[in-house]
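For the protein sequence lines, the chains are A and B, in the order given. Note that my numbering numbers the first sequence so that position 221 is 493, with each residue one more than the last. Note that my numbering numbers the second sequence so that position 209 is 481, with each residue one more than the last. Each residue gets a CB set at the ideal place from its N, CA and C atoms; glycine is no exception. On a predicted model such as this, the values are computed, not experimentally measured, just so you know.
There are 2 protein chains.
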Amino acid sequence: MLISELILRTFTQNIFIAMGCSEYHADLAADVLIKSDLRGIDSHGVARLSGYVRLWEKGRINTKPNIQIIHETATTATVDGDAGLGLIVAPVAMDIAIKKASEYGSGWVSVRNSNHFGIAGYHALMAVKRHMIGFAMTNASPLVAPTFSNERLLGTNPMCYAFPAGQYPPVVIDMATSAAANGKLEIAQRSGKQVPEGWIQDGQGNYTTDPHALKSGGSLLPLGSDREHGSHKGFGLSATVDILSGVLSGANYGPWVPPFVSFLEPPANPPGLGLGHFLGAMRVDGFRPIEEFTADMDNWISRFKSATTNDPTQKVIIPGEPELEAERDRMANGIPLVDSVYQELNELAVKFGVTKL
Amino acid sequence: MLISELILRTFTQNIFIAMGCSEYHADLAADVLIKSDLRGIDSHGVARLSGYVRLWEKGRINTKPNIQIIHETATTATVDGDAGLGLIVAPVAMDIAIKKASEYGSGWVSVRNSNHFGIAGYHALMAVKRHMIGFAMTNASPLVAPTFSNERLLGTNPMCYAFPAGQYPPVVIDMATSAAANGKLEIAQRSGKQVPEGWIQDGQGNYTTDPHALKSGGSLLPLGSDREHGSHKGFGLSATVDILSGVLSGANYGPWVPPFVSFLEPPANPPGLGLGHFLGAMRVDGFRPIEEFTADMDNWISRFKSATTNDPTQKVIIPGEPELEAERDRMANGIPLVDSVYQELNELAVKFGVTKL
């Protein structure tokens, strides 16, 4: 089923307004979700809307947050999201980073007391629109075990780096720091397929290809999969995201990050507030004239695009390019929704008394 | 053979002075190399000294560089290293980042026209000493192929993130963005052993376990090893390092980064100057009081150290801890040198007329 971007956007705005968001906040949150669907990252778009609703029903999301700076210098700040939607808190925090960068060259904001913020790429790209380099990361519910452990202590903790280019689209590196994102596991679960070795382990710490292993104490593996192939590096990257997002802001971190699913209660005696993000912006012209930089970016991109490949039908993919292609296609032709998501959204429509899809 | 830290340091200083470095620069460069040996990263310590000498003999290293800021804002700068030793240029640039951070909360320096800078951890730890979070990366000679390609277009491009803690030592994530560092390959070459699948490919892009495959057109693989296990993420991280270090500064990038080995000539018509680094510092107290941060860091570390493991003799390793243990051991007991390095160093002593080891 294909739904037009505009219809899906209006629908999503209406749900957020019905939840009590201001019109401005509802527009912003819908923009983040719809951007995810447009870019082909279906796991983080409107498919998650009912999840946000359930968290709100449990009182774990505040739709009228007082988002404020609680500590700052000229180029750094800590923002308290007041348990608001990460979809709103993160762009507000990124705006602060961008303002500081406009004035001083760079701006860095650590966020506490927030919730899941959608795709990291959305926030990083806010900087790119202003000729800045964008950084965005967030910690997340624990699903990943550090190297040598069989305990879930880290989220899939994504990091995103986004760079403006000239003639080419921006380079956007937006990646989970686990070997496989949780969304890929969910696809395997739904289709009844096994997953490759190196994605997950069972509760005893042995490789398994059963995509349901996480339900019986298993865990995702860090990027690198095992020690021999560098899983300690994936662990280190995930730790970096956790520290910059959680420890630096005063949010929760590690196993204390509250779960996204509403049927799991947040851990008792948490050391911080909500979950955390880390957002940053640096002006390109803080380093060199923007035209020089974008000319070299174009040269970089075109050199990598023309790299020789073993299989001539398989080209090197510039990070961010497939997502932009999806965006163009889906803006023109509509956003595909699987039946279960379509039904779930229409059940939300009934619940909140808004127009169905 | 074990050599005391002080003897090896003095020896290394003497070589750099004989090459024409000022006393201050010689001390600094020796400090970076010796720190690498102390921390157990033998591949980046004095074992590389003869490599630096050969580059200098070819006129590709300037031992009297005029290191200067060529562009800046309050919190950003581009530094031209004037073809100096990266071992000197990088700490000078990091000092600039730290000064900006002291004043404005954060400081970021992109460096062009430099050479190999030793271990990234040295530079990042300069910030940690001042209660700051340290960032250090560098691009390097092309040895790594992007996902789907069989061309060497990227270096092992390390990234380092370093965080101060309280009772525990700093957390230092210092990692090549390839599946395996080149040093590990060299160890396998010397010992005549095969390497695991997933580290390298041959010139046709097929997995190989032959550690000599790079000599016949093979390449290292990005962290993740193959597409299914996330090698596009390793490629993305390596690209991030290349862009922040090379493109942002006006250094060379991708396949144009000049080789470390002196018997290979730098590529013709390079787009930039030398190779590039990216260094940054953020004041912890730009986000929250340092005592609160370090208390949470200690809690983070102690929780991860006590994680359950499959094999109870194998504990979770906190990044930076093994290196600190090596440092304590080697400060007390001396730095082990393999025979070939010991001989090479004494040949340098003869060449420059300095006291032998």
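Neighbour list for residue i in chain A, Cβ cutoff strictly below 8 Å
i, result
"B:Ser521", "Phe559, Arg560"
"B:Thr419", "Val588, Ile589"
"B:Pro527", "Arg575"
Distance between residue j and residue i (C-alpha atoms, nearest Å)
i, j, result
"B:Tyr614", "A:Arg555", "47 Å"
"B:Pro608", "A:His549", "43 Å"
"B:Asn524", "A:Gly544", "43 Å"
"B:Leu486", "B:Gly475", "8 Å"
"A:Glu329", "A:Ala452", "30 Å"
"A:Arg424", "A:Met409", "19 Å"
"B:Gly427", "B:Thr480", "19 Å"
"A:His388", "A:Ile339", "15 Å"
"B:Gly489", "B:Gly606", "39 Å"
"A:Arg311", "B:Leu596", "44 Å"
"A:Gly393", "A:Ala434", "7 Å"
"B:Leu359", "B:Val304", "6 Å"
"B:Val381", "B:Ala349", "5 Å"
"B:Met569", "A:Gly526", "11 Å"
"A:Ser413", "B:Pro530", "43 Å"
"A:Ser463", "B:Val325", "59 Å"
"A:Lys371", "A:Pro337", "21 Å"
"A:Ser534", "B:Lys307", "49 Å"
"B:Gly377", "B:Lys401", "15 Å"
"A:Gln466", "A:Ala460", "7 Å"
Sub-7 Å separation of residue i and residue j beta-carbons
i, j, result
"B:Met398", "B:Met366", "yes"
"A:Ala567", "A:Gly438", "yes"
"A:Thr345", "B:Thr347", "no"
"B:Gln586", "A:Phe420", "yes"
"A:Asp352", "A:Arg384", "yes"
"A:Pro416", "B:Trp572", "Residue identity check: residue 416 of chain A is Val in the sequence provided, not Pro. Contact: no."
"B:Leu321", "B:Pro363", "no"
"B:Pro442", "B:Gly317", "no"
"A:His501", "B:Gly470", "yes"
"B:Ser386", "B:Leu280", "no"
"A:Ala302", "A:Phe624", "no"
"A:Ser450", "A:Leu492", "yes"
"A:Met404", "A:Ala553", "yes"
"B:Ile313", "B:Ile391", "yes"
DSSP state of residue i mapped onto helix, strand, coil
i, result
"A:Ala632", "Coverage of chain A is limited to positions 273 through 629, which leaves residue 632 of chain A absent and any answer about it impossible."
"A:Arg560", "coil"
"B:Ala621", "helix"
"A:His388", "coil"
"B:Arg575", "helix"
"B:Met366", "helix"
"B:Pro531", "coil"
"A:Gly508", "helix"
"A:Ile275", "strand"
"A:Arg311", "coil"
"A:Leu516", "helix"
"A:Met554", "strand"
"B:Gln586", "coil"
"B:Gly522", "coil"
"A:Thr335", "coil"
"B:Gly356", "coil"
"B:Gly292", "coil"
"A:Val351", "strand"
"A:Thr284", "helix"
Proximal chain A residues relative to residue i, where beta-carbon distance stays under 7 Å
i, result
"B:Gly377", "Thr345, Ala346, Thr347, Thr348"
Residue i: contacting residues in chain B (beta-carbon distance under 7 Å)
i, result
"A:Asn582", "Asn422, Gln476, Gly477"
"A:Ser382", "Phe559"
"A:Phe435", "Ile515"
"A:Gly508", "Ile445, Met447, Pro591"
Listed by chain order, chain B residues near residue i by CB distance under 9 Å
i, result
"A:Arg326", "The premise fails here: A:Arg326 is roughly 28 Å from chain B at the closest Cβ pair, so nothing lies under 9 Å."
"A:Pro530", "Per Cβ cutoff of 9 Å: no residues; A:Pro530 is ~16 Å from chain B at best."
Per-residue contacts from residue i into chain D (C-beta, under 8 Å)
i, result
"B:Val443", "Considering every chain present, this structure includes no chain D. Its protein chains are A and B."
Proximal residues of chain A, C-beta to C-beta of residue i below 9 Å
i, result
"B:Arg555", "Thr345, Thr348"
"B:Ala452", "Glu500, His501, Gly502"
"B:Ser491", "Those within 9 Å of B:Ser491 in chain A number zero; the least Cβ separation is about 11 Å."
"B:Gly455", "Correct list: empty, because the minimum Cβ distance to chain A is about 13 Å."
beta-carbon residue i near the ligand SAM non-hydrogen atom, thresh 6 Å
i, result
"A:Gly558", "Because no ligand of any kind appears in the structure shown, any question about the ligand SAM cannot be addressed here."
Under 8 Å from the C-beta of residue i: neighbouring residues of chain B
i, result
"A:Ala569", "Note that residue 569 of chain A is Met in the sequence shown, not Ala. Ordered by position in chain B, the residues that pass the 8 Å Cβ test against A:Met569 are Ile515, Val519."
Practice prompt. Write down every uninterrupted run of the beta strand (DSSP E) in the segment 448 to 506 of chain B whose length is 3 residues or greater and which is fully enclosed by it, in chain order.
Written response: none
Worksheet item: Which runs of the beta strand (DSSP E) fall wholly inside the segment 368 to 447 of chain B and span at least 3 residues, in chain order?
Response: 378 to 386, 404 to 410, 431 to 435, 443 to 447
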